[in-house]
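Numbering (mature numbering (1 follows the signal peptide of the UniProt record, and there is no 0)), first residue to last: -22 to -1, 1 to 119. Structure, as structure tokens:
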């Protein structure tokens, strides 16, 4: 009789412990999915915090300022497209001469970088060009 009670106790302990592992796994998955969704919302809300632009400029034979650069998506989930870049043209004394907006029509997946090139007739006296990301559209999957 004692063996039977002991055997039932061991069996019920094993049965209850297996069930809690399944509940724990489903709870962990739910928490992971919620965290993933909140991270995606955060990334989609402010693309300028996750998109980075780097580049340089030079003059061509026609007097145009050629700007070559690369865009990088540092987000972990969000996919962006049609990135809007602000171009600021500065003089030798660092006075702002003009600003323009340029849209780069590319799709950027998480961790991806894309190169771009654009040409401008910069204002007279331009010494340097600064680049900054203003925003982008979110790709809904």
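Using N, Cα and C, we set each Cβ at its ideal position, and we do this for glycine too.
Distance, residue j Cα to residue i Cα
i, j, result
"residue 84", "residue 21", "18 Å"
"residue 51", "residue 69", "30 Å"
"residue 43", "residue 88", "30 Å"
"residue 78", "residue 93", "19 Å"
"residue 82", "residue 119", "20 Å"
"residue 40", "residue 96", "14 Å"
"residue 48", "residue 29", "10 Å"
"residue 16", "residue 86", "20 Å"
"residue 75", "residue 65", "11 Å"
"residue 8", "residue 14", "10 Å"
"residue 12", "residue 34", "41 Å"
Cross-strand partners of residue i (DSSP beta bridge)
i, result
"residue 58", "86 and 116"
"residue 76", "67"
"residue 32", "48"
"residue 98", "43"
Proximity to residue i [Cα-Cα], best of the options
i, options, result
"residue 32", "66, 110 and 116", "110"
"residue 103", "40, 73, 49 and 7", "73"
"residue 18", "54, 6 and 40", "54"
"residue 67", "36, 14 and 91", "36"
"residue 91", "80, 24, 100 and 61", "61"
"residue 27", "13, 34 and 58", "58"
8 Å contact criterion, which residue i and residue j should meet: CB distance rounded
i, j, result
"residue 63", "residue 112", "7 Å"
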